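This report concerns only the one structure given below.
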Amino acid sequence: MKKRKIHEPGINPIFTYIQNRKCEHCDAPIEDQARASKRHCASWVDEFGIKHDCKRQKHADKHSREDEFLQALNAGVKDNNKKIDKMVAEKGNVVTTEVINAYGIELTKCVDFEFDGRIFKSQFLNYYIYSNPISQTHKIERYE
Ligand SMILES: [Zn+2]
Numbered sequence: 031m032k033k034r035k036i037h038e039p040g041i042n043p044i045f046t047y048i049q050n051r052k053c054e055h056c057d058a059p060i061e062d063q064a065r066a067s068k069r070h071c072a073s074w075v076d077e078f079g080i081k082h083d084c085k086r087q088k089h090a091d092k093h094s095r096e097d098e099f100l101q102a103l104n105a106g107v108k109d110n111n112k113k114i115d116k117m118v119a120e121k122g123n124v125v126t127t128e129v130i131n132a133y134g135i136e137l138t139k140c141v142d143f144e145f146d147g148r149i150f151k152s153q154f155l156n157y158y159i160y161s162n163p164i165s166q167t168h169k170i171e172r173y174e
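Position in the sequence shown (from 1) plus 30 gives the number in the numbering used here.
Pasting the structure below:
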């Protein structure tokens, strides 16, 4: 019968832990004797045969956070686009800031943004909005 290697992270009496180094994923102690570049537990297999890999897991978690962030950003941009659709259909393509606010359009939730010293140009999925901060008017231009 083959013997399965089981190693759990944690305090090991043959090492010292004076530098107080910890795994960046699970906070398990890392021995002072480990090489300086070691920032995660060595991968290990638990009693159920499941492989634990803190370095890989940390990156996977980071990516899922990035995905959530991008989804929220995406939803905000799409939501704005729908509100602009509705506003243009009902109020036409030149409106005041009051109308923009009444439709709940957030000009900061745009895809891209430019300012030429006079006019703010914000890009949305299907529209450019040219905003004049002095006259508080906005001209909306549709593009495909
Ligand atoms: Zn760890």
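Backbone N, C-alpha and C define an ideal beta-carbon position, used for all residues, glycine too.
Computed from a predicted model, the values in this text were never measured in an experiment.
{"query": "Looking at the structure shown, is residue 67 part of a helix, part of a strand, or coil, going by DSSP?", "result": "coil"}
{"query": "Measure the C-alpha to C-alpha separation of residue 133 and residue 117 and round it to an integer number of angstroms.", "result": "7 Å"}
{"query": "Closest by CA to residue 126, which one among 41, 76, 170, 93?", "result": "170"}
{"query": "Mapping the DSSP letters down to three states, classify residue 101 as helix, strand or coil.", "result": "helix"}
{"query": "Where does residue 120 sit, in a helix, a strand or coil, going by DSSP?", "result": "helix"}
{"query": "Please identify the residue among 163, 67, 110, 147 whose C-alpha is closest to the C-alpha of residue 139.", "result": "110"}
{"query": "Would you kindly work out how many angstroms separate the C-alpha atoms of residue 121 and residue 90, rounded to a whole number?", "result": "46 Å"}
{"query": "Can you look up residue 36 in the DSSP assignment and give me helix, strand or coil?", "result": "Note that residue 36 has pLDDT 49, beneath the 50 cutoff, so the model's placement of it is unreliable and no number is given."}
{"query": "In whole angstroms, what is the alpha-carbon distance linking residue 98 and residue 44?", "result": "42 Å"}
{"query": "Does the distance between the C-beta of residue 168 and the nearest non-hydrogen atom of ligand 1 fall short of 6 Å?", "result": "no"}
{"query": "For residue 153 and residue 142, which I take to be in contact (beta-carbon distance under 8 Å), what is that distance rounded to the nearest angstrom?", "result": "4 Å"}
{"query": "Kindly indicate the opening and closing residues of the alpha helix (DSSP H) around residue 128.", "result": "127–132"}
{"query": "Grab the span of the beta strand (DSSP E) containing residue 50 for me, first residue to last.", "result": "Segment: none, residue 50 is in no beta strand (DSSP E) and carries neither H nor E."}
{"query": "Which whole-angstrom value describes the C-beta separation of residue 150 and residue 165, a residue pair presumed to lie in contact below a C-beta threshold of 8 Å?", "result": "Not really, about 12 Å apart at Cβ, beyond 8 Å."}
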